[in-house]
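Have a look at the structure below, then the notes.
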Amino acid sequence: MKIVEIKDYAYPCMMAEKALKNAYNAMLENKKDQAIGECIIAIHEIEDIITAIQNAKIKTSTNS
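Start counting the sequence shown at 2; every next residue gets the next number (the working numbering).
What follows is the structure, given as C-alpha cells:
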C-alpha cells in the first residue's frame, strides 16, 4: 500500500470560519474596514482550501 500525503484542508476551513465570524462581529460594531480585512483573510484561507482539495483529487486519482 502506498502512503499519500494530503495537504490539510481542515485548518484553513476553521480559519476561514473564524475570519467570517470576526467580519460579522466587526459589522455589528460598525467597523467596516476591519470587516473587509477579515473577509480578505477568509478569501485567502478559502484559496488554501481549494488548493488542498485539488491536490487531494490529483493524488487520489493517480493512486487508483
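Yeah, the Cβ is synthetic: ideal placement off N, Cα and C, and Gly gets one too.
Q) Apart from the five residues just before and just after residue 49, which ones in its own chain have a Cβ nearer than 6 Å to its Cβ? A) In the same chain as residue 49, and ignoring 5 residues on each side of it, the C-beta atoms closer than 6 Å to its own belong to 13, in chain order.
Q: Closer than 7 Å by C-beta to residue 54: which residues in its own chain qualify, once you throw out the five before and the five after it? Chain order, please.
A: 10
(Q) Please state the DSSP three-state secondary structure of residue 60. (A) helix
Q) Using the rule of at least 16 other Cβ atoms within 10 Å of the residue's Cβ for burial, across every protein chain shown, is residue 39 buried or exposed? A) buried
Q. How long is the line joining the alpha carbons of residue 20 and residue 47, rounded to whole angstroms?
A. 11 Å
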